Structures are given as structure tokens and as C-alpha cells.
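Undergrad:
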Amino acid sequence: MPNAELPPRLPKARQLLSGFLCAARLGQGWSFQPVNRYHHRCRMPKTVLMCPPTFFDVREPKNPHMGLAIDRVLAQHQWENVRRSLHDSGLKVELIDPVQDLDDMVFAANPVFVGEHPSAGKFIVPSRMRYPSRQREVAFYVEWFRRRGYRVIELDLKNEYLEGHGDLLWHPDRSRIWAGWGFRSTRGGVGKFVVAMQRLGFPVVSLELVDKHCYHLDTCLCPLNEAATLIYPEAFAPASLDAIRNGFERTHNLSREEALQFMGNGIAVNGRFITPRLTPNVSRVLAEEGLTPVVVETSEFEKSGGSVFCMKTFID
Ligand code: ARG
3 MPNAELPPRL PKARQLLSGF LCAARLGQGW SFQPVNRYHH RCRMPKTVLM CPPTFFDVRE
63 PKNPHMGLAI DRVLAQHQWE NVRRSLHDSG LKVELIDPVQ DLDDMVFAAN PVFVGEHPSA
123 GKFIVPSRMR YPSRQREVAF YVEWFRRRGY RVIELDLKNE YLEGHGDLLW HPDRSRIWAG
183 WGFRSTRGGV GKFVVAMQRL GFPVVSLELV DKHCYHLDTC LCPLNEAATL IYPEAFAPAS
243 LDAIRNGFER THNLSREEAL QFMGNGIAVN GRFITPRLTP NVSRVLAEEG LTPVVVETSE
303 FEKSGGSVFC MKTFID
């Protein structure tokens, strides 16, 4: 691979600082292992997994966005538009069968964490969802991946919670993982994930979330490329905010209003940014980062606390 295609690496000091913050905050000692060079190859995702919204509903309130009833027909229509926008962005869209009574199964980002290791191959880490109604989704997703040959890394989470790509985001160059905790995933759950990923050579940067409206990391941190991210700064504890600012060359701030309207829950892929809406601020950031906005309305899913990013999971 020619050098020009390699993404910029974090300066050494920043890498070490991220590792330190992660190890220190989670009390994991000093076993932090810097990621090996192989992991730094930049690779755009090619395939996403989605779940049709056949049984999607808003029942018990699991986050502060939930309360209003959904329009089922509109939800189906919006989901189709999200699917089409992913397809038109060059992604292959795979589907998992929806299951009756699993009203949040449409949020494919949550039940498993998906990764790939140069020697261990493709793997998943099953979630332990905080709400029992969502815990039942996990087995269906795990089975889907198992059948396709993914290795399943089960963590002994006991009473801890870990909510997949709601709280666990790959850095775009796959060099490390950003991990949020505080409302849904717990600090202890992320701690166990850190240990498992360290064994594979993936550093994890642990981030404490402090705003209940931004209950998942994917509502307030939205990487745009290896060097830049959208962020709603007030959603993070001070040390976590420092870790993000040290980990990206450019952090673009979202206002509270923009974050609560899920503009931090967009999907950056193949030069596009799929988002439920735009403001002059977000438009300017996208232009600066060379991304073309694609607006797809997701009002019905926002009534459940999610938008485009949560409605899929990248699988390779
Ligand atoms: N109603 C769902 C829940 O509270 C929404 C999940 C949104 N997913 C996400 N990755 N933010 O669990």
C-alpha cells in the first residue's frame, strides 16, 4: 500500500495520552498495548445490516426522547429511505428478520459490536442491553452473525451493561475504539470490553457521558474522517472531552439543539454524510470536510431516541 493512502497517525504523545486516560479511568493498570500498524489501514465499510421496522413501536420510555406515539406507515417509509440512501452511497444492505414484540430491534447498531482482526478474522461482541425488552434482541443478532462465520467473543458482563455501537464507535481508520458509558453501557461493562480488545491489540478510549439526552455515544460523537469529528461537548465529562480533542485533529462543535435533533447521529460514508437534517453550522462543517450532505427524515425513529446511525450496523 503506498504511503499516500495511509491515514495520518496520531502523534505518539497523543496515542500515549489516550491510552493513559483509558487505563487510568478504568483502573486497568498499565497493560495498554499500542495498536499495531496493520490496523491503521483506512477501509471504508462495504456492507451494512438493517432490520425492517415491522414491529417497531414506542412502549416503555428508555430514554428522554421517548413519549410520543409513532406513525407506523411513515416509519416504514422513512426506513425505506434510509435503506435507499445507504444503497445509493455504495453500500450493500443486508437484512435480519424482525421479531414480533421486539419493538426496538430496528436499531441494529445496539445488540452486537462488530470488528475484524488481521489474524483472528471477523468477530462480534454480544451486548448486554440495559432494558430486558431489548436483551431479547441480542440472541437473534448473534445467531445471524454466527451463521455467517463471525467469531463470537462473549464477555462475562455479570451485572454490567454494554450496548454495542450505541456506545462503541470505531475510529474511522480502525486504529482504536471510542467507548461511552454512564447511561446505558456501564463503566464496568466498558472496562471488560477494554480488556478483551486489548488482547486483540485494539486500544479503547473510555468516555464518560453526562447528559441524559445524549444517553448513547452515537448521539454526541460523530467521526467524519480520521482527522475530524462532530461533537456535542457538554455531553462529556471534562477528561473525556480532552481525550476526544487529543484524538482528532479537528473537533467541530454541535449546539445542544443540533445534538438533540440527532445531527450527531449521522453516517459518514464514501464522501457523503447521511443526516436527518441540516443547519448552516453543520452544512459549513461538511463543506469544510469535503462531505456531501444527504438528508433523510427520521422523525418516527427520533421519537424512540434514534436516527440514521442507530438504524444500521456496519458489518465489513
Ligand atoms: N429506543 C431505543 C433505546 O432506547 C433507541 C436506541 C437508539 N440507538 C442508538 N444507538 N442510539 O434503546
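Per my numbering, the very first residue in the sequence shown carries number 3; after that it's consecutive. Quick reminder that beta carbons are idealized off the backbone N, C-alpha and C, glycines included. The structure displayed is predicted, hence computed values, not measured ones.
Considering only the alpha carbon of each residue, which of Trp-183, Arg-186, Glu-156 and Asn-112 lies closest to His-167?
TA: Asn-112
Undergrad: Would you call the stretch 180-191 in contact with the stretch 208-215, where contact means no fewer than 3 C-beta pairs closer than 8 Å?
TA: yes
Undergrad: Could you name the residues, in chain order, whose CB is less than 5 Å away from a heavy atom belonging to the ligand COA?
TA: In the structure on display, the ligand COA does not appear, and the ligands it does have are the ligand ARG.
Undergrad: Here's the rule I'm using: 16 or more other beta-carbon atoms within 10 Å means buried, otherwise exposed. How should Thr-294 be labelled?
TA: exposed
Undergrad: With distances taken Cα to Cα, identify the nearest neighbour of Ala-229 among Ala-198, Gly-266 and Ser-177.
TA: Ser-177
Undergrad: Between the stretch 128-140 and the stretch 278-294, are three or more C-beta pairs nearer than 8 Å?
TA: no
Undergrad: Whole angstroms are fine: how far does the CA of Val-50 sit from the CA of Trp-172?
TA: 15 Å
Undergrad: Among residues of its own chain, excluding the 5 on either side of Asn-83, which ones have a beta-carbon nearer than 6 Å to its beta-carbon?
TA: If we look at Asn-83 and ignore the five residues flanking it on each side, its Cβ neighbours are Val-298.
Undergrad: Quick one: grab the DSSP three-state call for Leu-280.
TA: coil
Undergrad: Have a look at Asp-318 and Ala-181 and give me their C-alpha separation to the nearest angstrom.
TA: C-alpha separation (whole angstroms): 20 Å.
Undergrad: Touch check for the stretch 220-234 and the stretch 256-273: three-plus C-beta pairs under 8 Å?
TA: Taking a cut-off of 8 Å for Cβ pairs, the stretch 220-234 and the stretch 256-273 touch, as three or more such pairs fall below it.
Undergrad: Considering only C-alpha positions, which residue in the set Ile-179, Arg-148, Val-154 and Lys-194 is nearest to Leu-164?
TA: Lys-194
Undergrad: Go through its chain and collect everything with a Cβ distance to Val-95's Cβ below 7 Å, but skip five positions before and after it.
TA: Val-50, Met-52, Arg-85, Leu-88 and His-89
Undergrad: Distance check for His-67 and Glu-304, CA to CA, integer angstroms please.
TA: Their Cα atoms are separated by approximately 7 Å.
Undergrad: For Gly-191 and Asp-158, I'd like the C-alpha separation in whole angstroms.
TA: If you take the alpha carbons of Gly-191 and Asp-158, they lie about 9 Å apart.
Undergrad: Whole-angstrom Cβ separation of Thr-300 and Ser-309, contact assumed at under 8 Å?
TA: 5 Å
Undergrad: Please report the residue range of the alpha helix (DSSP H) in which Lys-194 lies.
TA: 189-202
Undergrad: Taking C-beta to C-beta, are Pro-100 and Pro-54 nearer than 7 Å?
TA: yes
Undergrad: Looking at the secondary structure, which residues open and close the beta strand (DSSP E) in which His-254 lies?
TA: For His-254, the enclosing beta strand (DSSP E) starts and ends at 252-255.
Undergrad: Could you work out which residue in Asp-59, Pro-63, Asn-65 and Ile-246 is closest to Val-75 when comparing CA atoms only?
TA: Asp-59
Undergrad: For Ala-71 and Ser-306, what's the separation of their Cα atoms in angstroms?
TA: 9 Å
Undergrad: Quick one: what's got a C-beta closer than 7 Å to Asn-65's C-beta in the same chain, skipping five residues either side?
TA: Tyr-217 and Gly-307
Undergrad: Considering only the alpha carbon of each residue, which of Ala-241, Thr-253 and Met-131 lies closest to Leu-226?
TA: Thr-253
Undergrad: My parser needs the beta strand (DSSP E) runs of 3 or more residues fully inside the stretch 203-228; what are they?
TA: 206-210 and 223-225
Undergrad: Give me the Cβ distance between Gln-102 and Phe-142, rounded to the nearest whole Å; I'm assuming they're in contact under 8 Å.
TA: With 8 Å as the limit, Gln-102 and Phe-142 do not qualify as a contact, their Cβ atoms being about 11 Å apart.
Undergrad: Spell out the partners DSSP gives Arg-153 in its beta bridges.
TA: Phe-125
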